[in-house]
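Right, one structure below, let's go through it.
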Amino acid sequence: MSISYNPFPGRFRDQTVLISGGADGLGKAIAQRLGKEGARLALLDLNESVLQKTVAELRNENITATGIVADVSNEADVANVFEKTISLYGKLDVMVHSAGVVGATNTKITDFSLSDFEKVVRVNLIGSFLLTKYAVKAMEPNGYGRILLIASIAGKEGNPGMVGYSASKSGVIGLVKGVAKEYATAGITVNGLAPAVIKTAMNADTAPEQLAYMTAKIPMGRLGTIDEVAAMSAFIVSEENSFSTGFIYDISGGRATY
429 MSISYNPFPG RFRDQTVLIS GGADGLGKAI AQRLGKEGAR LALLDLNESV
479 LQKTVAELRN ENITATGIVA DVSNEADVAN VFEKTISLYG KLDVMVHSAG
529 VVGATNTKIT DFSLSDFEKV VRVNLIGSFL LTKYAVKAME PNGYGRILLI
579 ASIAGKEGNP GMVGYSASKS GVIGLVKGVA KEYATAGITV NGLAPAVIKT
629 AMNADTAPEQ LAYMTAKIPM GRLGTIDEVA AMSAFIVSEE NSFSTGFIYD
679 ISGGRATY
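Quick note: the sequence shown uses our numbering, first residue 429, plus one each step.
In structure tokens, the structure reads:
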């Protein structure tokens, strides 16, 4: 399904946006959207070659962008990312944590290894914790900030056979709600976005049976698109979205309606 979007030119002019997982998938789509609306971008990813390719593509579209190789589950790496971003652009206005891994799928908990569980939690949940921690530190002195953590419908409802992913994304939702209340009067909003299945490369390793199960639960009968996620994300982190914090937005084709 092809949908045409018209970005709002200048909506993020003079704003610095840091996006994890920015080399591909949702992170790249969000970067393109915000970049077209005037944002200066700092993209972090573990895949250096793909990251540099994406940065080159964005610059060819006259978007200001830089790439920083980092592991979101490593605190020293995360601290370095924020130091470089502030050094380059002077401030931070928006942080989007899009980096994530699915982990084992179509696997019951009795067959789910501890190492697989820990890997998923480190990227999805510990990464969310670290990026939020350093984003708040960077934003608080300026009295303004927008933080968006990409959660999942699996974190709200749970997907069988995906205990690592479901548990980690539930943790992300709790993180959003707790930190949002801590900084509700600081000019910093913290929100989450819970997509159903979105057509991305991350789903390439998902078991076909698992993918069919998740798609069957979507009333619209199709996967979401990265452009749809980018459009909603752009509103969530915009200055105009000023009275919403601690909320988990749904983009699920009707799967979640409450």
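Glycine included, each C-beta is placed from N, C-alpha and C at the ideal position.
May I ask which residues mark the beginning and end of the beta strand (DSSP E) holding residue i?
| i | result |
| --- | --- |
| Pro623 | 616–623 |
| Ala635 | Neither: Ala635 is in no beta strand (DSSP E) and is coded neither H nor E. |
Within a Cβ cutoff of 6 Å, which residues of the same chain sit near residue i, ignoring the five residues on either side of it in sequence?
| i | result |
| --- | --- |
| Met429 | Caution applies to Met429, whose pLDDT of 46 falls short of 50 and renders its modelled position unreliable; the value that the coordinates give is listed next. Excluding residues within five positions, none has a Cβ falling inside 6 Å. |
| Gly463 | Leu469, Leu486, Ile491 |
| Val445 | Leu462, Ala467, Leu469, Val522 |
| Gly682 | Pro647, Met648 |
| Thr535 | Gly589 |
| Leu479 | Ala451, Asp473, Gly495 |
| Arg574 | Val522, Thr617, Val665 |
| Phe675 | Asn619 |
| Gly571 | Gly615 |
Looking at the unbroken alpha helix (DSSP H) that takes in residue i, where does it start and where does it end?
| i | result |
| --- | --- |
| Leu603 | 591–610 |
| Tyr677 | It is not in any alpha helix (DSSP H) - Tyr677 instead sits in the beta strand (DSSP E) that spans 676–679. |
| Gly455 | 453–464 |
| Ser661 | 654–664 |
| Gly573 | Gly573 -> not in any alpha helix (DSSP H); beta strand (DSSP E) instead, spanning 573–578. |
| Leu486 | 476–488 |
| Asn508 | 503–517 |
| Val549 | 542–549 |
| Ala563 | 555–567 |
To which residues of the same chain is residue i closer than 7 Å at the C-beta, ignoring the five residues directly before and after it?
| i | result |
| --- | --- |
| Phe436 | Glu465 |
| Asp544 | Gly531, Ala532, Gly592 |
| Lys597 | Asn552, Ala579, Ser580, Ala582, Gly583 |
Which residues does DSSP list as the beta-bridge partners of residue i?
| i | result |
| --- | --- |
| Gly690 | Residue 690 lies beyond the stretch modelled for the chain, which goes from 429 to 686, so this question has no answer here. |
| Val522 | Val445, Arg574 |
| Ile626 | Gly652 |
| Thr535 | Met590 |
As a quick exercise: from the options, pick the residue whose alpha carbon is nearest that of residue i.
| i | options | result |
| --- | --- | --- |
| Phe671 | Ala612, Leu651, Thr643 | Ala612 |
| Leu553 | Gly674, Gly453, Gly583, Phe540 | Gly583 |
| Lys637 | Asn587, Lys609, Gly449 | Per the sequence shown, the amino acid found at residue 637 is Glu instead of Lys. Answer by Cα proximity: Asn587. |
| Met567 | Ala614, Ser526, Leu621 | Ala614 |
Here's a check: name, in chain order, each residue in its chain whose Cβ is nearer than 8 Å to the Cβ of residue i, leaving out the five neighbours to either side.
| i | result |
| --- | --- |
| Asn508 | Ile496, Ala498 |
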